[in-house]
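Everything on this sheet refers to the single structure shown next.
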């Protein structure tokens, strides 16, 4: 294989011969090998991501945002409405979640909606309301970018969120790699953990290594929940990568009454934080009202989480 | 619909007419209605299970086995080897898990194995070893029945387990309905929560209402874990049924190093207990060695779980 | 590895060492290797089934039933009602499907139903009606066994069907391995192709090699169809095994109006036959009426399939 | 419900009351209703898409491109390499597939690749090579846009492809709705048929109704194929929408030797065409070599398909 910097080690069996490739195998195109008639199967032994790989970077990455740390020893809660609706709504919720112990304000300005006839978010005006709420409360803000063309408006956003549907929007990921700003990368609805890490690798390959991964449920055959929260992804990803990982229990189940239980499970399993939907009046929410907590329910949850955090010596 | 004891309520829209059926709709065959040309869709509004339904039985069911309670206020840990291998092995493990706080001894005598060439369990001899270990330690025993024909040998077994592959072995379920003995019913690999409850209903319809449900991971596209632990199933099932629910973190992930984290999550989310694989020498285990805890790791996990149980006011 | 008859070939890389095992690897327990601390991953290169493997048995297996061949060069259609309801119903349907070109009569006597409150089949009386219909029409019969305890009543059944829910009922499979009678083995709802072949291997290990595989749809996230017909399984399985493979389009989609299109696709993709539900009055069918064809629709389908079969030089 | 233009029809049962809503229910937010404490479940009876809905537009849509028709009565084959590599490669393949009967040339200039270290496509230079090949052969071209920012370079592209990963890139879909050019919309890896139709609705809501849907396999638990071709989606979608639907057998299975069989199944099941990968030298292909046909294999497949097309009275 003169083209690649690899050595070949043959293992000869009676019915099959295995060729072991050693060296710079990351550059080897697995599909090309597989296309050869004499090749029956090609199996990759090492992971194809480098910068996100704990094997090459054993220490946990801690993402810092305005003196708040995400990762090792901290349990960071990002809370707020699914979509920004008005200044009054947003500031009210922001103050409430801050009082209960949230460290970040989340809220959607650009909203990916399945139906073109559904409310699509306030757009740039929504971003402005988020920034106002940030000034008033001091809470750093997290909000989703849906397209490259919106990025210029994100200068004052503290953490830029990439939604599940955009996890493999590679053009966007590359551009985010050029920034020096934390990125919250949500797992795609049917993305494997490896694909999530490859998406992180896209951003990291550009030099931006401040990435927070987010498990938000995967698509399965089970209709009783909106998605299936893959709780095992937390310990498995922790072993494979040094990046911090949070959980979104609101989208995972799509059931507001299950959020507290799932949040406790997330803390117990080792997650570094949460992203939770809170709305002052879920029944009037312009999106996803059925999965939002009221400020009261959020406050109850936070007091429970604080008891759990003590057990794990984590700051909340 | 003279044939059924239901009344029909029409709702007339401009493009569609909806017929609402009220009454004994459990006896209505949804497939039959759907087969009529003029019917486009049939949707069931109420759940088709009755005895397992919390709506008709609001109080939690508590299963009692030799003065040990499973359900409300208790966190019951069932631990032991995947398969019973020898008296020495089994008694050794039984004493170890008992010392760490397990309330039940689990162990497989009849083993469902994917390959006909793999170790198939000791069979009746395995059951005898379980009973010996029970006599020696006082731990009630839990073990799997794979077929009706084996049932006669289960007289001294305290809890009879129905494995995931048998969750819809209806002939077996009906027979178990005739017993008056606790049944541990594992969720099938691709069974919905509703199907799990219907399987419980099969047993309950026969009059045996001592059922413990067990979430053990479902099959999804994710290859990093053996199955995907559906942690949300615990709060969702708790709302739908009064039966106790435990979690099997060993089969769920198939990764021994993830079992402790997943067990803490199970307790935090509200499960009533665990079923965990423990082996004195996992590398020599005759089955599933990669998911078994050593007695030392199990002991560490139990001490962690006890701290968590206190937070929830549960006995372990 | 003195315990196993294998040789070890090390491949040393800079970060990882791969050990290639050659020889009788079918006896090696992959889980045991994985449980060792120094082992990160274990990957099987060769398939773990032997008797079902085309690599060791290149020629197609042809299953013969009363001078009718299933396999190479034949497209065998098995048709009949979901469940046997009465002599009149069954004989009527049997004659109709025979006139249209079906080679086998299918019909359920023992019925696996999700709900204990649904019609459970006529049982032994249903088997008798099937045998009567066989005598009257000459059509060999195919019907499902749900449990070992029913087997004694299957003496006059020509092909014994193992349903999807029983694909991994290993006790049953072993018993069927002792028979010398064709077995129709349906793929489990969430069984991989490899698991299907391992289930066939269970029967073949007992000496019964007359197995017909049946693809009947797998469980996925898509709710528009009852299951997702995995049409690619036909060419993939054909490459891996020498056993004949048929398709059940009725259960796959659960939509009678889609059966003809799916049946044509099954023939075109290379399947060896079909198993189709036909009912004289689907709206009154005691089970699955929404997926049954009327005899008229079946006749139309058969005339279409005959045109397709000519293109592929297959007998119908 | 004064806010919405709907009427409420109550159906009162003994345990549950069902409220039937009739009228402009497309504007009703299902999540909001579900968030009310007294509401247990909300079920939508009618489909939420309008313009893509066959109920409101019974006639098949035929997409015309340079006098070539896609839809009713035509079986359109789009063939070419996964990625454009060089003028020589592309023109060579274009002439070959044209000679065999392909009606469109496909080829990737912008390539979505899982790894940032893999070949990312030639970009604008690739588009130029496609246009050259179009001039030389007269074949209209189909190629993928990955991001809004690339759209300006697509003026001479005949059909713009939206890839599976971008099916819910709503910003992009809206922009494509402003064009008056055919869009090939691929189904997302884990998108339901309804979501696919909602994505089409996004484009159609903008006024562009020339949409071709493409089934390319969905993600399931089965590892033997790259994806699971959902062949039933063709008849089901045909019933729900008037838009033409083609199949991509190359991505569906990821196995070049299965492409011919799957293509015949696609024609037999009622698809309006195919999108197939062809490469002059698959072993040297810069991407996905293992799923590409050689020109010889493609020619063989086309001659088979022509025989099948005759049976269905379709032009190829």
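Protein chains in written order, with my numbering: chain R, 23 to 338; chain P, 23 to 338; chain V, 23 to 338; chain F, 23 to 338.
For each residue, glycine too, the CB sits at the ideal point set by N, CA and C.
Fair warning: this is a prediction, and the values are worked out from it, not measured in the lab.
- A residue is called buried when at least 16 other Cβ atoms come within 10 angstroms of its Cβ; residue 177 of chain F does not meet this threshold and is exposed.
- Counting along the chain, residue 258 of chain V sits inside the alpha helix (DSSP H) bounded by residues 255 to 262.
- Under the Cβ distance rule, residue 295 of chain V does not count among the residues neighbouring chain F, no pair being separated by less than 8 angstroms.
- Residue 166 of chain R: member of the beta strand (DSSP E) spanning 163 to 167, first to last residue.
- Secondary structure note for residue 101 of chain V: its beta strand (DSSP E) is the uninterrupted segment 98 to 102.
- For the set P:42, P:28, P:160, the Cα lying nearest the Cα of residue 34 of chain P is the one of P:42.
- For the region 212 to 225 of chain P, the residues whose beta carbon sits under 7 angstroms from a beta carbon of chain V are, in order, 212, 217, 220, 223, 224.
- When only Cα atoms are considered, residue 213 of chain F and residue 148 of chain V end up about 42 angstroms apart.
- Annotated as proximal: residue 96 of chain R and residue 336 of chain R, with beta-carbon spacing under 8 angstroms.
- The criterion of a C-beta distance shorter than 8 angstroms is satisfied by residue 189 of chain R and residue 208 of chain R.
- When C-beta atoms of the region 157 to 175 of chain F are compared with those of the region 102 to 121 of chain R, fewer than three pairs fall below 8 angstroms, so the two segments do not count as touching.
- Residues are counted here when their Cβ sits less than 8 angstroms from a Cβ of chain P; for the region 233 to 265 of chain F these are 241, 242, 243, 245, given in chain order.
- Within 10 angstroms of the beta-carbon of residue 257 of chain V lie 16 or more other beta-carbons, which makes it buried.
- A straight-line Cα-Cα distance of about 43 angstroms links residue 141 of chain P and residue 311 of chain V.
- Each residue's CA atom was taken as its position, placing residue 107 of chain P and residue 303 of chain P some 12 angstroms apart.
- Judged by DSSP secondary structure, residue 297 of chain V falls within the beta strand (DSSP E) whose first and last residues are 295 to 299.
- Residue pairing from DSSP places residue 32 of chain P in a beta bridge opposite P:41.
- For residue 209 of chain F, there are no C-beta contacts with chain V under 9 angstroms, since the nearest C-beta of that chain is about 10 angstroms from it.
- Distance from the CA atom of residue 334 of chain P to the CA atom of residue 273 of chain R, rounded to whole angstroms, is 25 angstroms.
- Put simply, the CB of residue 332 of chain F is far from chain R, with every gap to its CB atoms at 8 angstroms or more.
- Close to residue 292 of chain P, with beta-carbon spacing below 9 angstroms, are these residues of chain R in chain order: 283, 286, 287.
- Neighbourhood of residue 56 of chain R in chain P, by CB distance below 8 angstroms: empty, with the nearest CB roughly 18 angstroms away.
- With contact defined as three or more Cβ pairs closer than 8 angstroms, the region 213 to 233 of chain V and the region 217 to 231 of chain P are not in contact.
- Chain order gives no chain R residues near residue 90 of chain P, where near means a beta carbon separation below 8 angstroms; the closest approach is about 24 angstroms.
- When the Cα atoms are used, residue 163 of chain V and residue 72 of chain P turn out to be separated by approximately 37 angstroms.
- Here residue 156 of chain V is buried: its Cβ has 16 or more other Cβ atoms, across all protein chains shown, within 10 Å.
- No Cβ-Cβ contact shorter than 8 angstroms links residue 105 of chain R with residue 315 of chain R.
- If you ignore the 5 residues before and after residue 151 of chain R, its C-beta comes within less than 6 angstroms of the C-beta of 106, 109, 112, all in its own chain and listed in chain order.
- Residue 283 of chain R counts as buried, since no fewer than 16 other beta carbons sit within 10 angstroms of its beta carbon.
- Residue contact with chain V for residue 31 of chain R: present (Cβ-Cβ distance below 8 angstroms to some residue of chain V).
- DSSP lists no bridge partner for residue 188 of chain F.
- Distance from the CA of residue 83 of chain F to the CA of residue 89 of chain F, rounded to the nearest whole angstrom, comes to 15 angstroms.
- Around the Cβ of residue 160 of chain V, a 10 Å sphere holds fewer than 16 other Cβ atoms; the residue is exposed.
- If you draw a straight line from the Cα of residue 325 of chain V to the Cα of residue 262 of chain R, it is about 57 angstroms long.
- Straight-line spacing of the CA atoms in residue 254 of chain V and residue 206 of chain V works out to 19 angstroms.
- The DSSP assignment places 146 to 159 as complete runs of the alpha helix (DSSP H) inside the region 113 to 162 of chain R, in order along the chain (cut-off: 4 residues).
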